[in-house]
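**Q** The structure follows.
There are 2 protein chains.
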Amino acid sequence: MDKREQILASALRLFVEFGFHGTPTSKIAKEAGVSNGTLFHYFATKEDLIKELYISIKNELNQFLFSKITPQDGIEAVIKKVFIYFIYWALENREKNHYIQQVLFSPHIFQIPESVAMEQSQKHIQLIEEAKATKVIKDLPTNLIYTLTNSHLMGIYNYVVNLPTDEQKPIIESGFDMLWDMLTEQK
Amino acid sequence: MDKREQILASALRLFVEFGFHGTPTSKIAKEAGVSNGTLFHYFATKEDLIKELYISIKNELNQFLFSKITPQDGIEAVIKKVFIYFIYWALENREKNHYIQQVLFSPHIFQIPESVAMEQSQKHIQLIEEAKATKVIKDLPTNLIYTLTNSHLMGIYNYVVNLPTDEQKPIIESGFDMLWDMLTEQK
DNA sequence: CAATAGATTGACTAATCACTCTATAAAAGT
DNA sequence: ACTTTTATAGAGTGATTAGTCAATCTATTG
Numbered sequence: 000m001d002k003r004e005q006i007l008a009s010a011l012r013l014f015v016e017f018g019f020h021g022t023p024t025s026k027i028a029k030e031a032g033v034s035n036g037t038l039f040h041y042f043a044t045k046e047d048l049i050k051e052l053y054i055s056i057k058n059e060l061n062q063f064l065f066s067k068i069t070p071q072d073g074i075e076a077v078i079k080k081v082f083i084y085f086i087y088w089a090l091e092n093r094e095k096n097h098y099i100q101q102v103l104f105s106p107h108i109f110q111i112p113e114s115v116a117m118e119q120s121q122k123h124i125q126l127i128e129e130a131k132a133t134k135v136i137k138d139l140p141t142n143l144i145y146t147l148t149n150s151h152l153m154g155i156y157n158y159v160v161n162l163p164t165d166e167q168k169p170i171i172e173s174g175f176d177m178l179w180d181m182l183t184e185q186k
Numbered sequence: 000m001d002k003r004e005q006i007l008a009s010a011l012r013l014f015v016e017f018g019f020h021g022t023p024t025s026k027i028a029k030e031a032g033v034s035n036g037t038l039f040h041y042f043a044t045k046e047d048l049i050k051e052l053y054i055s056i057k058n059e060l061n062q063f064l065f066s067k068i069t070p071q072d073g074i075e076a077v078i079k080k081v082f083i084y085f086i087y088w089a090l091e092n093r094e095k096n097h098y099i100q101q102v103l104f105s106p107h108i109f110q111i112p113e114s115v116a117m118e119q120s121q122k123h124i125q126l127i128e129e130a131k132a133t134k135v136i137k138d139l140p141t142n143l144i145y146t147l148t149n150s151h152l153m154g155i156y157n158y159v160v161n162l163p164t165d166e167q168k169p170i171i172e173s174g175f176d177m178l179w180d181m182l183t184e185q186k
């Protein structure tokens with residue numbers, strides 16, 4: 000792992016444990032095994048570090064999610080895969096998931112340029128639009144569906160994260176079914 | 000408003016705008032119109048201030064929610080009222096709602112004693128237990144219902160907060176219906 | 001009214017921290 | 001081989017900040 004990544008990895012661990020305030024750049028550098036100066040060679044400011052860490056995690060997550068879908072998947076299968084694999088990713092990458100939330104509810108979120116935020120949600124928005132267009136799901140505002148899906152995901156995650164591994168799967172599955180029932184017309 | 004409350008009010012505003020790190024105690028004191036020393040007379044540490052602000056907001060919210068229910072309300076009506084009024088409270092108290100989330104996804108949350116956290120969720124848990132016992136809602140784990148309800152609430156709030164006032168009500172209403180459908184047996 | 005307790009002030013301090021700067025080493029380019 | 005660029009180190013710095021303290025002011029009480 001190169002120094003830049005080493006720094007990001009240490010920053011992640013420390014920010015999640017001690018918060019942005021509670022984590023001096025010196026401590027990050029130390030834990031990453033680099034000097035103070037090196038940290039500022041890669042990241043001009045601490046704020047930059049916070050921001051780039053957020054962006055890199057988001058990108059990693061998106062790449063992971065969309066690597067799981069195959070061309071022959073129908074829209075429902077795609078959405079289900081994105082849902083299910085998000086939970087598994089979050090469970091395997093708890094710190095990263097926590098970090099995303101931490102930034103989301105902090106003033107640092109305003110440092111993320113609108114364009115970057117858009118780019119990251121774009122593919123998800125497209126999925127919803129497609130599902131709406133093909134009448135698979137209800138005709139609710141796209142943003143409402145997007146927001147509700149995200150919060151439902153966080154809800155399921157928050158519950159299963161405290162469960163023993165073997166009890167997680169059924170909850171995750173029925174978690175998806177609940178959402179799906181909510182988004183599709185009742186027959 | 001006495002000085003203690005003045006300090007809490009200023010802290011709220013500044014913490015939400017600039018974050019915990021970005022808000023020096025001196026700035027809080029200044030904005031509250033008290034001296035530095037006075038702030039530390041009421042709150043031994045900055046951490047204490049963060050913690051007590053959180054607890055006071057949570058208590059205020061709970062008191063508000065349960066003041067809305069009347070003895071003749073059935074369990075469904077009670078749950079609906081708690082749901083709907085939470086959204087209205089959050090819309091009227093955006094900073095307070097934001098602050099709660101901010102603490103929730105920060106390391107400061109670990110400063111809140113377990114007992115206080117329990118006390119605050121207890122009444123909500125009881126509602127769910129009662130609804131389950133009277134077979135009004137599905138027999139899912141209470142904690143799962145609690146978590147899903149909370150995240151659904153946040154989802155609805157996040158959506159309606161950007162809407163013009165007159166478009167909020169129908170979304171909030173159908174937001175409740177969606178949740179209710181999810182939690183009750185399909186007929 | 002005297003005495004005690006609590007409230008308030010603001011200057012002060014010890015510590016911390018983000019970031020700079022200079023020096024050197026390594027890599028890349030020509 | 002020589003020059004330029006990039007990477008790394010780590011001591012140093014100026015600014016900031018949480019929290020202290022001694023002094024004064026303001027109720028409250030016996």
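Protein chains in written order, with numbering that gives the first Met the number 0: chain A, 0 to 186; chain B, 0 to 186.
Each residue gets a CB set at the ideal place from its N, CA and C atoms; glycine is no exception.
#1: Between aspartate 1 (chain B) and chain A, is there a C-beta pair that is closer than 8 Å?
#2: Return the Cβ separation of isoleucine 6 (chain B) and tyrosine 53 (chain B) in integer angstroms, given the expectation that the two are a contact with Cβ distance under 8 Å.
#3: Write down the C-beta distance between histidine 86 (chain A) and isoleucine 155 (chain A) rounded to the nearest angstrom, noting that I regard them as a contact closer than 8 Å.
#4: Can at least three beta-carbon pairs, one atom from the segment 62-74 of chain A and one from the segment 7-24 of chain A, be found at a separation below 8 Å?
#5: Report the residue from B:Ile127, B:Val33 and B:Thr133 whose alpha carbon sits nearest the alpha carbon of asparagine 142 (chain B).
#6: I'd like to know if aspartate 180 (chain A) contacts chain B, where contact means its C-beta is closer than 8 Å to some C-beta of that chain.
#7: Kindly give me the distance between the Cβ atoms of proline 112 (chain B) and glycine 18 (chain A), rounded to whole angstroms, as I take these residues to be in contact under 8 Å.
#8: What is the rounded straight-line gap between the Cα of glutamine 71 (chain A) and the Cα of valine 102 (chain A)?
#9: Under 6 Å Cβ to Cβ from valine 81 (chain A), same chain only, skipping five residues before and after it: list those, please.
#10: Buried or exposed for glycine 174 (chain B), please, with buried defined as at least 16 other CB atoms from any protein chain shown within 10 angstroms of its CB.
#11: From the beta carbon of asparagine 92 (chain B), is the nearest beta carbon of chain A less than 8 Å away?
#12: Along the chain, where does the alpha helix (DSSP H) containing lysine 67 (chain A) start, and where does it finish?
#13: Starting from the beta carbon of tyrosine 158 (chain A), find every residue of chain B whose beta carbon is closer than 7 Å, and list them in chain order.
#14: Below 8 Å on the Cβ atoms is my guess for tyrosine 145 (chain B) versus threonine 146 (chain A); work out the distance and round it to an integer in Å.
#15: Give the residues of chain A in contact with proline 106 (chain B), contact being defined as C-beta atoms less than 7 Å apart.
#16: If you follow the alpha helix (DSSP H) that glutamine 187 (chain A) is part of, which residue opens it and which one closes it?
#17: Considering only C-alpha positions, which residue in the set A:Glu59, A:Phe104 and A:Val15 is nearest to tyrosine 84 (chain A)?
#18: Under 8 Å Cβ-Cβ, which residues of chain A neighbour methionine 177 (chain B)?
#19: Just to make sure I have the definition right: I need the residues of chain B whose C-beta is within less than 7 Å of the C-beta of methionine 117 (chain A). Which are they?
#20: Check the Cβ of glutamine 100 (chain B) against every Cβ in chain A and list those closer than 7 Å, keeping chain order.
#21: Could you give the DSSP three-state label for threonine 44 (chain B): helix, strand or coil?
#22: Spell out whether any CB of chain B is found under 8 Å from the CB atom of serine 150 (chain A).
#23: When you compare only the Cα positions, how much space is there between glutamine 119 (chain B) and lysine 57 (chain B)?
#24: Any heavy atom of the ligand GTP closer than 7 Å to the CB of alanine 28 (chain A)?
#25: From glycine 36 (chain A) to methionine 0 (chain A), what does the alpha carbon distance come to, in whole angstroms?
#26: List, in chain order, every chain B residue whose beta-carbon is nearer than 8 Å to that of isoleucine 170 (chain A).
#27: Applying the criterion that 16 or more other CB atoms from any shown protein chain within 10 Å of the CB defines a buried residue, is lysine 50 (chain B) buried or exposed?
#28: Quick one: does glycine 154 (chain B) have its CB under 8 Å from some CB of chain A?
#29: Closest to asparagine 61 (chain B) by CA distance: which of B:Lys131, B:Pro163, B:Met117 and B:His40 is it?
#30: Using the Cα positions of glycine 32 (chain B) and alanine 76 (chain A), report the straight-line distance between them to the nearest angstrom.
#31: How about leucine 11 (chain A) and glutamate 94 (chain A): do their beta carbons lie closer than 8 Å?
#32: Could you give the DSSP three-state label for methionine 177 (chain A): helix, strand or coil?
#33: Measuring CB to CB, does histidine 123 (chain A) end up less than 8 Å from histidine 151 (chain B)?
#34: Under DSSP, the alpha helix (DSSP H) around histidine 107 (chain B) begins and ends at which residues?
#35: In three-state DSSP terms, what is phenylalanine 85 (chain B)?
#36: Give the range of the alpha helix (DSSP H) segment to which isoleucine 27 (chain B) is assigned.
**A** Let's see:
#1: no
#2: The pair is not a contact, with the Cβ atoms about 14 Å apart (cut-off 8 Å).
#3: One point to set straight first is that residue 86 (chain A) is isoleucine, not histidine, in the sequence displayed. Isoleucine 86 (chain A) to isoleucine 155 (chain A), Cβ: 6 Å. Contact.
#4: With the rule of 3 Cβ pairs closer than 8 Å, the segment 62-74 of chain A does not count as touching the segment 7-24 of chain A.
#5: B:Ile127
#6: yes
#7: In fact, because the Cβ distance is near 19 Å, the residues do not count as touching under 8 Å.
#8: 36 Å
#9: Leu64
#10: buried
#11: no
#12: Note, lysine 67 (chain A): premise wrong, no alpha helix (DSSP H); not H, not E.
#13: Asn142, Leu143 and Thr146
#14: Actually they are not in contact, since the Cβ atoms of tyrosine 145 (chain B) and threonine 146 (chain A) sit about 20 Å apart, beyond 8 Å.
#15: Glu16, Phe17, Gly18 and Gly21
#16: Nothing about residue 187 (chain A) can be reported from this structure: the residues present for chain A run from 0 to 186 only.
#17: That would be A:Glu59, whose Cα lies nearest to the Cα of tyrosine 84 (chain A).
#18: Leu147 and Met181
#19: Neighbours of methionine 117 (chain A) on chain B: none; closest Cβ ~15 Å, over 7 Å.
#20: Phe104
#21: coil
#22: yes
#23: 7 Å
#24: This structure lacks the ligand GTP, and indeed carries no ligand of any kind.
#25: 19 Å
#26: Leu143
#27: By the 10 Å Cβ count, lysine 50 (chain B) comes out buried.
#28: Nearest CB-CB separation between glycine 154 (chain B) and chain A: below the 8 Å threshold.
#29: Selected option, being the one with the closest Cα: B:Met117.
#30: 59 Å
#31: yes
#32: helix
#33: no
#34: Boundaries cannot be given for histidine 107 (chain B), as no alpha helix (DSSP H) includes it and DSSP labels it neither H nor E.
#35: The three-state secondary structure of phenylalanine 85 (chain B), taken from DSSP, is helix.
#36: 24-31
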